[in-house]
Amino acid sequence: MADVERKREQEVYKMIAAWAKKKGHHELANALKQDDGPEETLEALAAKRGLQSEFCVKNIILQYGFEDARTNRFEETYIELRDWIYKLCDSLLSELGEILFPLWASACLELASKQCFAEARQLLHKHRKDHEPEYSDEIDKLAEVLEVPNVDSHPFTIQRRSVKPTIRLSQQADRSLTEFMHNRRLYGLVRLMNRHMHVVVGRSGVLPSLPAGPDP
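In C-alpha cells form, the structure reads like this:
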C-alpha cells in the first residue's frame, strides 16, 4: 500500500512540475522533479517562492491532489463545504455563500457527464432547496438536462460551461476558503471551481470591483 501511495504521490509531483515549468516557475519545477520528491511540503515550496498569494497557484496545487473518485464524494464534500460556510460570520457568509450554487450546479452536470445520472439526480433533488427560490428557474432547467442522455451537448450545459460566473472575494474570504478546502481535501470541488468559476480576489478586507464590461 505504501508503494502505491508513493507512486501516486510521484505522479502528482510530475504533473505540478510540468505546470510550474510551463508558467515559468522553474525553481519550483526542479524541486518537484527530484527522484525522492521535494523535502518540503508543496505549500511550503509555493510560499517560499512568493506564490501563496495567487489564487490560481494555490488551487493548482490542490487540484492535482489525490482525488477520491467515488461518485457520492461530490455530495459529501458539497454538504461539508455548505455547512462550514453557513457557520461563518455574516460578512464571510455573504461572500462565500455566492460560490455554493454554481459549484453545486457544476457538480450535478459533472456527475451526469460521467453517466452517473442517479447520483446527479440525487444531488439535485436532495439539495435544490438550498438554492430556492433565488435560482428556481435555473434549477428547473438543470433538472430537465439531467433527463437527457447527451448532457454535454445540451445548450444549457454548453452555456453554463462557456460563461463562467465571476465571484468576488476579499483576501480574508479567499484565505479561509483555501485553507478549509486544503485541510478537508475537497479536491473535486477545487477542480470544479478552477474549471467553471472566475474568482477575483481583492486586497485585504476589500472586495475587488468588477470591470464595467464583460470579462476578457
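So the sequence shown is numbered by the working numbering: it starts at 75 and just counts up by one. In this text, a Cβ means the ideal position worked out from N, Cα and C, and glycines have one as well.
Nearest residue (CA-CA) to residue i, options the options
{"i": "His270", "options": "Thr240, Glu253, Lys95 and Cys163", "result": "Thr240"}
{"i": "Leu177", "options": "Ile159, Val273 and Met267", "result": "Met267"}
{"i": "Arg242", "options": "Glu154, Phe230 and Ser165", "result": "Ser165"}
{"i": "Met217", "options": "Leu198, Gly98, Leu106 and Trp158", "result": "Note on residue identity: the sequence assigns Ala, not Met, to residue 217. For the residues Leu198, Gly98, Leu106 and Trp158, the minimum Cα distance to Ala217 belongs to Leu198."}
Reduced DSSP category for residue i - H, G, I as helix; E, B as strand; rest coil
{"i": "Val48", "result": "The chain is shown from 75 up to 290; residue 48 falls before or after that span and cannot be answered."}
{"i": "Arg242", "result": "strand"}
{"i": "Ile90", "result": "helix"}
{"i": "Cys182", "result": "helix"}
{"i": "Tyr261", "result": "helix"}
{"i": "Pro229", "result": "helix"}
Status (buried if at least 16 other CB within 10 Å, exposed otherwise) for residue i
{"i": "Val237", "result": "exposed"}
{"i": "Ile232", "result": "exposed"}
{"i": "Arg297", "result": "Outside the shown range of the chain, which is 75 to 290, sits residue 297, and nothing can be said about it."}
{"i": "Ser127", "result": "Summary for Ser127: the model assigns pLDDT 45, below 50, so the residue's position carries little reliability, and this model does not support an answer."}
{"i": "Gln180", "result": "Rather than Gln, the amino acid found at residue 180 in this sequence is Ser. Burial call: buried."}
{"i": "Ala143", "result": "Caution applies to Ala143, whose pLDDT of 47 falls short of 50 and renders its modelled position unreliable; the value that the coordinates give is listed next. Per the 10 Å Cβ criterion, exposed."}
{"i": "Ala94", "result": "buried"}
{"i": "His100", "result": "exposed"}
{"i": "Ala105", "result": "buried"}
{"i": "Glu149", "result": "buried"}
Residue i and residue j closer than 8 Å at C-beta
{"i": "Leu220", "j": "Phe175", "result": "no"}
{"i": "Leu251", "j": "Leu170", "result": "yes"}
8 Å contact criterion, which residue i and residue j should meet: CB distance rounded
{"i": "Asp226", "j": "Ser187", "result": "5 Å"}
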